[in-house]
Amino acid sequence: MRDWCTEYLARTLDLPTQTIDTQTTFARLGLDSANSVFLIVELEDRLGLELTPDLLFEYPTICELARHLAERAAR
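Per our numbering: the sequence shown = residues 2 to 76.
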């Protein structure tokens with residue numbers, strides 16, 4: 002999940018994958034509110050989970066989000 006999120010953000014933000022620090026907040030990486038919604042929708046489709054729009058505020062880095070999603074998917 003962490004790798005997928007990193008690659009998704011690299012494509013969305015037009016950044017080289019290797020420049021994305023998974024400990025940096027989504028806001029600092031440059032993810033705006035519209036792209037945040039698109040990310041949530043992609044994750045819902047990919048994982049088959051219903052996710053809340055404020056998920057990226059609760060888990061503001063790729064690492065935190067990936068950990069949370071892995072825990073949810075394991076239930």
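Idealized CB from N, CA, C, for every residue including glycine. Predicted, not measured: the structure shown is a model, and the values here were computed from it.
- Item | Outcome for Phe27 when other beta-carbon atoms lying within 10 angstroms are tallied against a minimum of 16 | For this step, residue 27 is matched to residue 26 along the sequence shown. With 16 or more other Cβ atoms within 10 Å, it is buried.
- So, Leu52 versus Ile41, is the Cβ gap smaller than 8 Å? Counted from its first residue, the sequence shown places residue 52 at position 51. Counted from its first residue, the sequence shown places residue 41 at position 40. Against a cut-off of 8 Å, the Cβ pair of Ile41 and Leu52 comes out as a contact.
- Task: Verify whether the separation of the beta carbon atoms of Leu10 and Ile21 is less than 8 Å.
- Result: The residue given as residue 10 occupies position 9 in the sequence shown. The residue given as residue 21 occupies position 20 in the sequence shown. Going by C-beta atoms, Leu10 is nearer than 8 Å to Ile21.
- Query: In three-state terms, what does DSSP make of Thr18?
  - Reply: Here residue 18 refers to the residue found at position 17 when the sequence shown is read from its first residue. Helix.
- Message: Using only CA atoms, which one of Leu16, Pro17, Thr23 lies nearest to Arg68?
- Response: In the sequence shown, residue 68 corresponds to position 67, counting from 1. Of the candidates Leu16, Pro17, Thr23, the one whose C-alpha sits nearest the C-alpha of Arg68 is Thr23.
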